[in-house]
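*Asks:* Mapping the sequence shown onto the UniProt record's numbering, position 142 (from 1) lands on 142, and the numbers just tick up by one.
The C-beta atom is built at its ideal place from N, Cα and C for all residues, glycine as well.
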Amino acid sequence: MAPSKQITPKPKTPKKQQQLAPAKKVRAPRKQPPAPAKKVRAPRKQPPAMKANQQQLSPGPDIISDLSDCILIHILSFMDAQEAVQTCILSKRWINVWKKLHTLTLLDYSELSGKLFEHFVFKFLSLRDDQTDIHSILLHPPFLRKECNKLVYHILKYAFSHHVQHLLINFICFKPNCFSFSSSTLKSLELTSDHLISGVISIFPNSLNFPALTTLSLSYFTFFSNEDGCAEPFSTFNMLNTLIIHHCQVLHKRHLCISNAKLENLSITMCYYMISRTYFEIELYAPSL
C-alpha cells in the first residue's frame, strides 16, 4: 500500500481591518433665549354714553340716496354746475340726477378759466336732460375775450329754448346781440356790466321782447336816447312791477323816460362821484308806484 500523504493545514492570515473615516464634528444648535411675552392691555371699560355715540356713528343705510328725485334735485340746485356734476361718482343712484337740474349756476373758477370753462359749459348743456325746462340761470363768466360773447349767446339760446324764467348774468363786456331772442316765459332779469374793467360802455338795447317780464335790475349800463332826446328802454315791458337802476347813465346826458301803469317799486342808485358825469333828467309816469 502507498504511504498516505500528510496534509499540513495552511496558516490563517488575519483579515485586513477596514479603515473607517473620521467622524465629522457637528455643533449642537445654540439655545435661543425665549421671546419676551407681549404685554396685552386689557380693554378699557367705556362708559355707556360713549358706547351709544359709537353706535350712532357706525355706518348705516344711505338715507339721502333713498330720497325722491325732486328732493335730490332741490339739494343740487344750491350747488354750482361743476359741484353738481361731481355728485355722479357717489353711487349709481346719483349718476343721472344732475341732468335734471332746473336751476343752473355757471361760475368760472380760476382752475377752469378760458377754454376749459367754455368746454365744460358746452358739454354740460349737451348732456343735460333736454326734456327738463330751466327755471333760472346764474351766469358769471369773468374772463374778457371775444369767446365770452359766443359762450353767453349759446347759453341764452339754450335757456330761452327751454322756457327760462329767471336770468342773472354778470358781464364784463356786454354785447346787445346776445339778447337777440324773444321769450314769453322770462319773468326776472338781472344784468350787471362791469365796464370799469373792460373800458367799454354797455348800451342796454331798446328792442327787447319780454312781455311777461315783471322784475328788471340793471347795473352799470348806458341808455341810448332817441331822436327826440329821450331814452325809453322800458317801453315794451308792460307787465313790469319792479325796476332797479344802479349806477346807470343816459348817453349825452339826455332824458330817461319811465312810463308804466303797473310799476310799483322803483329804485335808482347813483354814486356821488359819478353824478357830475352822468347827470340826466327823469320823466316818470307810474300811477301805481
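1) Who are the near neighbours of histidine 255 in its chain, counting only those whose CB is closer than 8 Å to its CB and skipping five residues on each side?
2) Nearest to histidine 252 by CA position, among Phe78, Phe223, Met270 and Phe237, is which residue?
3) For leucine 240, I'd like the list of residues in its chain whose CB is within less than 7 Å of its CB, leaving aside the five on either flank, ordered along the chain.
4) Helix, strand or coil for glutamine 86? Go by DSSP, reduced to three states.
5) Alpha carbon to alpha carbon, how far is phenylalanine 122 from phenylalanine 210?
6) Check each candidate in Leu125, Ser91, Cys70 and Phe221 and name the one with the smallest Cα separation from alanine 81.
7) I need the boundaries of the beta strand (DSSP E) containing phenylalanine 171, first residue and last residue.
8) Just to confirm my understanding: we take valine 250, look at its own chain, exclude 5 residues before and 5 after, and list those with CB closer than 7 Å. What are they?
9) Using a 10 Å radius around the Cβ and a threshold of 16 neighbouring Cβ atoms, would you call tyrosine 285 buried or exposed?
10) For valine 200, does the three-state DSSP call read helix, strand or coil?
11) So what does DSSP say about isoleucine 282, is it helix, strand or coil?
12) Short check: CB of cysteine 178 to CB of phenylalanine 221, under 7 Å?
13) Do the CB positions of aspartate 108 and phenylalanine 120 come within less than 7 Å of each other?
14) Secondary structure at asparagine 177, three-state DSSP: helix, strand or coil?
15) At which residues does the alpha helix (DSSP H) containing histidine 135 begin and terminate?
16) In this structure, does DSSP put leucine 144 in helix, strand or coil?
17) Between which residues of its own chain and isoleucine 244 is the CB-CB distance below 6 Å, once the five residues before and five after are set aside?
18) I believe threonine 103 touches histidine 135 by the beta-carbon criterion, under 8 Å. Please report the beta-carbon distance rounded to the nearest angstrom.
19) Determine which residues share a DSSP beta bridge with leucine 125 and list them.
20) Assign threonine 105 to one of two classes, buried (16 or more other C-beta atoms within 10 Å of its C-beta) or exposed (fewer than that).
21) Take the Cβ of leucine 90 as the centre, count every other Cβ of all protein chains shown within 10 Å, and call the residue buried at 16 or more, exposed below.
22) Cβ of serine 219 within 7 Å of Cβ of threonine 192?
23) Here's a check: name, in chain order, each residue in its chain whose Cβ is nearer than 6 Å to the Cβ of asparagine 265, leaving out the five neighbours to either side.
24) How would you call histidine 163, buried or exposed, if buried means at least 16 neighbouring beta carbons within 10 angstroms?
*Replies:* According to the data block:
1) Translated into the one-based positions of the sequence shown, residue 255 becomes position 255. Hits under 8 Å: Ser225, Gly229, Cys230, Ala231, Phe280, Glu281, Ile282 and Glu283.
2) Locating residue 252 in the sequence shown gives position 252, where the first residue counts as 1. Answer by Cα proximity: Phe223.
3) Position 240 of the sequence shown holds residue 240. Answer for leucine 240: Leu213, Thr214, Leu216, Phe234, Asn260, Lys262 and Leu263, listed in chain order.
4) Residue numbering aside, residue 86 sits at position 86 when the sequence shown is read from its first letter. Glutamine 86: helix per DSSP, three-state reduction.
5) Counting from one through the sequence shown, the residue named residue 122 turns up at place 122. Counting from one through the sequence shown, the residue named residue 210 turns up at place 210. Cα to Cα, the separation comes out at about 26 Å.
6) Here residue 81 is taken as the residue at index 81 of the sequence shown, counted from 1. It is Leu125 whose Cα lies nearest to the Cα of alanine 81.
7) Reading the sequence shown from its first residue, position 171 is the one you call residue 171. Looking at the DSSP string, the run of the beta strand (DSSP E) that includes phenylalanine 171 is 166 to 171.
8) What you label residue 250 is simply residue 250 of the sequence shown in a count that begins at 1. Here the set comprises Phe223, Ser225, Ala231, Leu256 and Phe280.
9) As a working mapping, residue 285 is identified with position 285 in the sequence shown. Per the 10 Å Cβ criterion, exposed.
10) Position 200 of the sequence shown, counted from the first residue, corresponds to residue 200. Looking at valine 200 - three-state DSSP - the assignment turns out to be coil, as it is neither helix nor strand.
11) Position 282 of the sequence shown, counting from 1, holds the residue named residue 282. Isoleucine 282 falls in the strand class under three-state DSSP.
12) Translated into the one-based positions of the sequence shown, residue 178 becomes position 178. Translated into the one-based positions of the sequence shown, residue 221 becomes position 221. The answer is no: Cβ separation not under 7 Å.
13) As a position in the sequence shown, residue 108 is number 108, starting the count at 1. As a position in the sequence shown, residue 120 is number 120, starting the count at 1. The answer is no: Cβ separation not under 7 Å.
14) Start at 1 with the first residue of the sequence shown, and residue 177 comes out as number 177. Three-state DSSP puts asparagine 177 in a helix.
15) As a first step, residue 135 is located in the sequence shown; it is residue number 135 there, counting from the start. Unbroken run through histidine 135: none, as it is neither H nor E.
16) Along the sequence shown, one-based indexing puts residue 144 at 144. At leucine 144, the pLDDT of 48 sits below 50, so the modelled position is not reliable; the number obtained from the coordinates is stated separately. Leucine 144: coil per DSSP, three-state reduction.
17) Walking along the sequence shown from the start, residue 244 turns up at place 244. By the criterion of a C-beta distance shorter than 6 Å, isoleucine 244 is surrounded in its chain by Ser217 and Ser267, once the five residues flanking it on both sides are discounted.
18) Sequence index remark: in the sequence shown, residue 103 carries index 103 (1-based). Sequence index remark: in the sequence shown, residue 135 carries index 135 (1-based). Threonine 103 to histidine 135, Cβ: 6 Å. Contact.
19) To locate residue 125, count along the sequence shown from 1; it is residue 125. Answer is none; leucine 125 lacks a bridge partner.
20) Here residue 105 refers to the residue found at position 105 when the sequence shown is read from its first residue. Buried is the call here.
21) Position 90 of the sequence shown, counting from 1, holds the residue named residue 90. Exposed, by the Cβ-count rule.
22) For the purposes of this step, residue 219 is taken as the residue at position 219 of the sequence shown. For the purposes of this step, residue 192 is taken as the residue at position 192 of the sequence shown. Going by C-beta atoms, serine 219 is nearer than 7 Å to threonine 192.
23) To locate residue 265, count along the sequence shown from 1; it is residue 265. Cβ within range, chain order: Thr242.
24) Along the sequence shown, read from residue 1 onward, the residue named residue 163 stands at position 163. Answer is exposed; the Cβ neighbour count stays below 16.
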